[in-house]
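If you read the sequence shown in full-length UniProt numbering, its first letter stands for residue 1, the second for the next number, and so on.
Yeah, the Cβ is synthetic: ideal placement off N, Cα and C, and Gly gets one too.
In what follows, a structure is listed as structure tokens, so that the remarks can point back to it.
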Amino acid sequence: MKFFLIAGAVNALLSVAFGAFGAHLLEGRVADKYLDTWQTAVQYQMFHSIGLMVVAILMSSSLLGSLGSLNWAGYLMLAGIIIFSGSLYVLSLTGISILGAITPIGGLAFIAAWVMIVVAAVKAL
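If you want it as structure tokens, here you go:
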């Protein structure tokens, strides 16, 4: 529970920092399409940072408790942030287009994480 709360807060912090970096330091230095890609990475990182904190809260014994499916959800969200947003950040900065092939793996991790939350809710409720 503590790990996912901290991971969520750290990723939210990074998302804000990366958003500011993109808005203030990348504008005029990278193509508009890469600024849009950067913004997508920031948005998904923030959404799933909040998701990590939700997982941590759901793991509370007064809510759903420590279920294996919630652990999976948290780790999949964290992997999704690293793979999805990370690949888009690097793509935006380098223009290496092959990284676009890696991004969907992170998207699948996000989807699987949300499915695991559904599984946890069905098991616990």
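Closest residue to residue i among the options (Cα-Cα distance)
i       : options                             : result
Leu-125 : Ser-60, Leu-64, Val-30 and Pro-104  : Leu-64
Ala-120 : Gly-68, Phe-84 and Tyr-34           : Gly-68
Val-42  : Phe-4, Ser-92 and Val-30            : Ser-92
Ile-102 : Val-118, Gly-80, Ser-49 and Gln-45  : Gly-80
Leu-5   : Val-90, Phe-110, Met-53 and Ile-117 : Met-53
Ser-49  : Ser-61, Gln-39, Leu-25 and Leu-78   : Leu-78
Phe-18  : Ala-112, Pro-104 and Val-90         : Val-90
Ala-7   : Leu-108, Tyr-34, Ser-62 and Met-46  : Met-46
Lys-33  : Tyr-44, Gly-107, Ser-97 and Ile-105 : Ser-97
Straight-line gap, residue i to residue j (C-alpha atoms, nearest Å)
i      : j       : result
Trp-72 : Phe-3   : 13 Å
Val-55 : Ala-12  : 14 Å
Gly-74 : Ser-66  : 12 Å
Gly-95 : Glu-27  : 15 Å
Ser-87 : Ala-112 : 18 Å
Gln-38 : Gly-22  : In the sequence as displayed, the identity of residue 38 is Trp instead of Gln. Rounded to whole angstroms, Trp-38 to Gly-22 spans 7 Å at the Cα level.
First and last residue of the uninterrupted alpha helix (DSSP H) at residue i
i       : result
Ser-49  : 32-58
Ile-102 : Segment: none, Ile-102 is in no alpha helix (DSSP H) and carries neither H nor E.
Met-77  : 68-80
Ala-23  : Per DSSP, Ala-23 belongs to no alpha helix (DSSP H) and is neither H nor E.
Gln-85  : Per the sequence shown, the amino acid found at residue 85 is Ser instead of Gln. That residue, Ser-85, is in no alpha helix (DSSP H); it is neither H nor E in DSSP.
Residue i (DSSP reduced to helix, strand or coil)
i       : result
Met-116 : helix
Ile-111 : helix
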